[in-house]
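Trainee: I have a structure I would like to understand better, so I am pasting it below and will then ask my questions one at a time.
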Amino acid sequence: MPIQGTHPLVIIGPNGVGKTRLGTILAAENRAERVTALRNIEIQSIHMQTLQNAVRDTRSVMDRLGSDHWTQSGELQHVLAEILAEDLAHAVTYRALDTTKPEEPKDPALTNTRLKQITTIWNRHFPKRTINVGYQPTVVREMPDGSQVTYPIARMSEGERTALHLAARVVSCKSNILIVDEPETYFHPVLARSLWDDLEREVPHVRFVYLTHDIPFALSRHGAQFAIARAENRADLLPATGSIPEEVIAEVFGAASFSIAASRLVFCEGDPGSLDLQILRAWHNCSKTAVVSAGGCSAVRECVEVFRAGTITGGLMAFGYVDRDAWPDAFLNEDPDVKAHAFSEIEGIFCCEPVFLALAMHNDVADPHAAFQAFLVDARGKFAGATLNREILQRAKLRVEVEQKSLLNPIKPNPELAVVEAAFASASPVGGWQVYLQTVFAEEKARLIASHSGSAENFVRDFPAKSYYKEAARHLGYVPDKMVDTLVRALGLTDTEAMQERSLAVLRDALVAFLSPGLFPRAV
């Protein structure tokens with residue numbers, strides 16, 4: 039199968055279909071480099087070598103990697119040794135030129151080395167951490183109290199080390215094609231998408247070929263062409279306007295999450311083990327609905343938009359749920375097919391008064407209303423001083439972020455570039471930026487302060503529930519996991535089961551009555 043074109047190619051297939059072997063064959067046929075799914079990224083230190091020896095050793099390891107596709111890769115240490123040797127050689131060359139010909143411009147490649155590229159990329163995706171790639175690599179992490187902690191590469195998380203490995207491989211790619219097996223492994227969905235966006239931009243001359251079973255990640259590749267892995271030596275290329283067959287999606291998502299009879303996809307925030315997924319799968323306990331975690335708010339919106347457009351899949355309807363977080367209502371209400379919860383984030387479901395009272399009565403709490411008021415006092419107490427101020431600032435920031443886009447939308451292209459530039463430079467809100475920023479902050483301050491001391495409904499809507507939902511469990515007489523399990527069991531209760539479990543059925547009916555107006559219908 040010859041790989042042509044410039045856009046990313048995403049080959050989708052379930053586990054066990056032969057994607058890894060297919061990637062090996064494609065690499066050999068197209069003289070491509072390949073990043074395996076089995077990555078040995080354990081490193082204590084990096085050997086100091088001459089550039090010539092480092093290049094030779096790296097090439098030897100990469101050659102073995104091409105043939106032994108079933109073993110763990112071990113090239114990271116050699117690639118980093120080559121990168122460090124190259125950086126040192128470039129520094130020596132630059133110093134010599136600066137000494138002998140100080141007035142002449144220097145080749146940018148002498149300073150924009152692979153070492154600089156990978157550290158810049160890595161630091162960009164791990165806030166408050168700075169990596170120092172030397173012969174004994176370390177990371178400096180800024181702690182909440184302002185102090186710093188330094189730890190060696192051996193103590194980096196799997197995600198941190200994987201990001202270093204991938205950045206090193208991408209900037210070192212000597213082929214026009216790079217095949218990546220399971221690019222999302224060890225990453226949160228949001229990090230996987232943003233990191234690969236960054237890596238693609240870093241080497242625009244390289245065509246990326248991804249082998250994955252992660253449908254949301256596949257859909258996140260901009261301008262991608264899709265193929266379906268059928269066997270270890272066969273992939274069917276889809277036309278640009280083609281659809282991923284429903285039976286393929288069923289195989290990829292797995293029987294536990296996607297039925298062959300499904301006609302509706304529901305995307306939610308979080309990862310495959312998230313609370314969002316547990317609760318929403320219990321709500322949409324319907325053979326024709328599949329609930330899939332997609333990462334963050336933007337990813338949910340993107341998945342819903344792509345599926346509903348019909349350019350990727352046929353015969354499926356798509357909807358989504360997102361947390362409110364600190365986003366303004368105008369932003370949250372843009373897409374009728376994506377609902378924002380009535381609470382700040384999914385944990386807030388336990389903190390809504392009707393749900394709390396239903397759980398309290400199910401657990402035989404003596405005075406449910408008094409328990410709720412006591413919980414509310416404790417929850418409000420989590421936000422005072424700097425903690426409250428942080429929420430106000432975050433809400434104001436996100437509102438400005440959203441409204442700035444609207445401010446620039448009216449600017450249209452013009453044959454005269456100067457006209458476009460002038461329109462862009464002069465764009466400002468009514469009254470000017472200072473008045474606008476003061477107004478936004480004042481309005482959000484008033485809103486949050488009112489919510490903090492106002493109704494329980496507004497408090498749970500506007501303040502992040504992760505900070506206080508465990509207080510709800512305590513006042514209800516549950517440990518948090520048991521509280522979650524009780525709600526999930528109640529929502530998933532069938533009418534037949536309800537006849538034997540009357541107490542749980544009463545809880546289910548109370549939950550359904552409260553949740554129905556804010557969620558999509560349970561069944562199709």
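The numbers in my numbering rise by one with no breaks, and the one at position 136 of the sequence shown is 174.
For glycine and all other residues, C-beta sits at the position ideal for the given N, C-alpha and C.
1) Quick one: is residue 57 buried, meaning 16 or more other Cβ sit within 10 Å of its Cβ, or exposed?
2) Helix, strand or coil: which one does DSSP assign to residue 132?
3) For residue 192, does the three-state DSSP call read helix, strand or coil?
4) Label residue 513 either buried or exposed according to how many other C-beta atoms from any shown protein chain fall within 10 Å of its C-beta, with 16 as the threshold for buried.
5) Apply the 10 Å Cβ neighbour rule to residue 413 and answer buried if 16 or more other Cβ atoms are within range, or exposed otherwise.
6) Looking at the secondary structure, which residues open and close the alpha helix (DSSP H) in which residue 435 lies?
7) What are the complete alpha helix (DSSP H) segments, minimum 4 residues, inside the stretch 184-262?
8) Taking the alpha carbon of residue 273 as the point to measure from, which residue in 48, 540, 558 and 165 has its own alpha carbon closest?
9) Would you list the residues sitting across from residue 33 in a DSSP beta bridge?
10) Would residue 529 and residue 365 qualify as a contact pair, given that the criterion is a beta-carbon distance under 7 Å?
11) For residue 417, which residues in the same chain have their Cβ closer than 6 Å to its Cβ, ignoring the five residues on either side in sequence?
12) Using beta-carbon positions only, say whether residue 41 and residue 266 come within less than 7 Å of one another.
13) Does the stretch 356-373 come into contact with the stretch 516-528, if we say contact requires no fewer than three beta-carbon pairs (one atom in each stretch) closer than 8 Å?
14) Measuring alpha carbon to alpha carbon, tell me which of 219, 149 and 434 ends up nearest residue 476.
15) Which of the three DSSP states is assigned to residue 377 in this structure?
16) Name the residue from 382, 68, 124 and 442 whose alpha carbon lies nearest to the alpha carbon of residue 91.
17) In this structure, what does DSSP give as the bridge partners for residue 48?
18) Taking Cβ positions, are residue 308 and residue 336 nearer each other than 7 Å?
19) For residue 561, which of helix, strand or coil comes out of DSSP?
20) Let me know the secondary structure DSSP gives residue 62 once reduced to three states.
21) Count the other CB atoms, across all protein chains shown, that sit within 10 Å of the CB of residue 138; report buried if there are 16 or more and exposed otherwise.
22) With H, G and I counted as helix, E and B as strand and the rest as coil, what does DSSP make of residue 531?
23) So the alpha helix (DSSP H) residue 551 belongs to, where does it begin and stop?
24) According to DSSP, is residue 556 part of a helix, a strand, or is it coil?
25) Check whether the Cβ atoms of residue 209 and residue 155 lie closer than 7 Å to each other.
26) Tell me whether residue 10 sits in a helix, a strand or coil according to DSSP, three-state version.
27) Would you kindly work out how many angstroms separate the C-alpha atoms of residue 531 and residue 302, rounded to a whole number?
28) Would you check if there are 3 or more beta carbon pairs closer than 8 Å linking the stretch 68-78 to the stretch 204-224?
29) Assign residue 334 to one of three DSSP states: helix, strand, or coil.
30) Quick check on DSSP: helix, strand or coil for residue 176?
31) Compare the C-alpha of residue 422 against each of 343, 490 and 89 and name the closest.
32) Suppose you measure from the CA of residue 378 to the CA of residue 372; what does that come to, to the nearest Å?
33) Going by the DSSP bridge assignment, what does residue 71 pair with across the sheet?
34) Going by DSSP in three states, residue 168 sits in which element: helix, strand or coil?
35) Helix, strand or coil for residue 276 per DSSP?
Mentor: Let's see:
1) Buried is the call here.
2) helix
3) Note: residue 192 maps to helix in three-state DSSP.
4) buried
5) Only buried fits residue 413, as 16 or more other CB atoms lie within 10 angstroms of its CB.
6) Residues 424-446.
7) 196-209, 227-240 and 253-258
8) 48
9) The requested residue 33 does not occur in the structure, where the chain is confined to residues 39 to 562.
10) no
11) Cβ within range, chain order: 506 and 509.
12) No; because the gap between Cβ atoms is not below 7 Å, this pair is not in contact.
13) no
14) 434
15) strand
16) 124
17) 248 and 264
18) no
19) Note: residue 561 maps to coil in three-state DSSP.
20) helix
21) exposed
22) coil
23) 540-553
24) helix
25) yes
26) The structure shown does not extend to residue 10, since the chain is modelled only from 39 to 562, so the question has no answer here.
27) Answer to the nearest angstrom: the Cα atoms are 21 Å apart.
28) yes
29) coil
30) strand
31) Put simply, of 343, 490 and 89 the residue whose alpha carbon is nearest the alpha carbon of residue 422 is 490.
32) 10 Å
33) 216
34) strand
35) coil
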